[in-house]
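In what follows, a structure is listed as structure tokens, so that the remarks can point back to it.
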Amino acid sequence: MLLALCDGKIDAFIYVAGHPNGSIKEATTACDAIVVPVDNEVVHKLVDDNAYYSMTSIPGGMYNGTDTDTATFGIATTFISSTRADEETVYQMVKAVFENFKRFKKMHPAFAHLEESKMISDSLSAPLHDGAIRYYKEKGWM
């Protein structure tokens, strides 16, 4: 993909990823590519019709040639477990994340804008596990 872009064999590519992303950073450096806004009526309908999508933006300055925030859509990352996963194990995992939330957010730049209240309801791509529900109820979030 990167070689095709740099060689002029393609004009653009679509890449869904968390940001910052090494492949996009490489494309904007090696090929002088730019990140293009994806924000129109068709995209808004896609987001409205599919709960796992949401509108977002890529912060300006993250990639070469893109100094301002770039509107786009994305898929929220979801921690997924098997339905066979032990309730206590999932409960402890969720508890560890939220009781160390500030530290967790520092683990990757993509986590910086996470909000606890939105993480339990927005853009869910799978049902909540009973262990997670137990923690959220304890916290009074459900």
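Add 1 to the 1-based position in the sequence shown for the numbering used here, that's all there is to it.
All residues carry an ideal CB built from backbone N, CA and C; glycine is no exception.
* Span separating the alpha-carbon of Cys7 from that of Gly66 -> For the purposes of this step, residue 7 is identified with residue 6 of the sequence shown, where counting begins at 1. For the purposes of this step, residue 66 is identified with residue 65 of the sequence shown, where counting begins at 1. If you take the alpha carbons of Cys7 and Gly66, they lie about 15 Å apart.
* Asked: Of the residues Val39, Ser83, Ile76, Gly62, which one's Cα is nearest the Cα of Asn51?
  -> For the purposes of this step, residue 51 is taken as the residue at position 50 of the sequence shown. When each option's Cα is compared against that of Asn51, the closest is Ile76.
* **Gly75 in three-state terms, based on DSSP** => Within the sequence shown, residue 75 is the residue found at index 74, counting from 1. Three-state DSSP puts Gly75 in a strand.
* **Nearest neighbour of Glu42, chosen from Asp33, Ser124, Met56 [CA to CA]** => The residue given as residue 42 occupies position 41 in the sequence shown. If we check each option's Cα against that of Glu42, Met56 comes out closest.
* Asked: Tell me the DSSP bridge mates of Tyr54?
  -> Residue numbering aside, residue 54 sits at position 53 when the sequence shown is read from its first letter. Partner(s): Ile76.
* Asked: DSSP on Ile59, reduced to helix/strand/coil?
  -> Position 58 of the sequence shown, counted from the first residue, corresponds to residue 59. In the structure shown, Ile59 sits in a strand (DSSP, three-state: E or B).
* To do: Evaluate the contact criterion for the region 112-125 versus the region 29-47: three or more CB pairs, one atom per stretch, below 8 Å.
  => Because the criterion of three Cβ pairs below 8 Å is not met, the region 112-125 and the region 29-47 do not touch.
* Please determine, among Val37, Asp40, Ser124, His130, the residue with the shortest C-alpha to C-alpha distance to Glu88. => Locating residue 88 in the sequence shown gives position 87, where the first residue counts as 1. It is His130.
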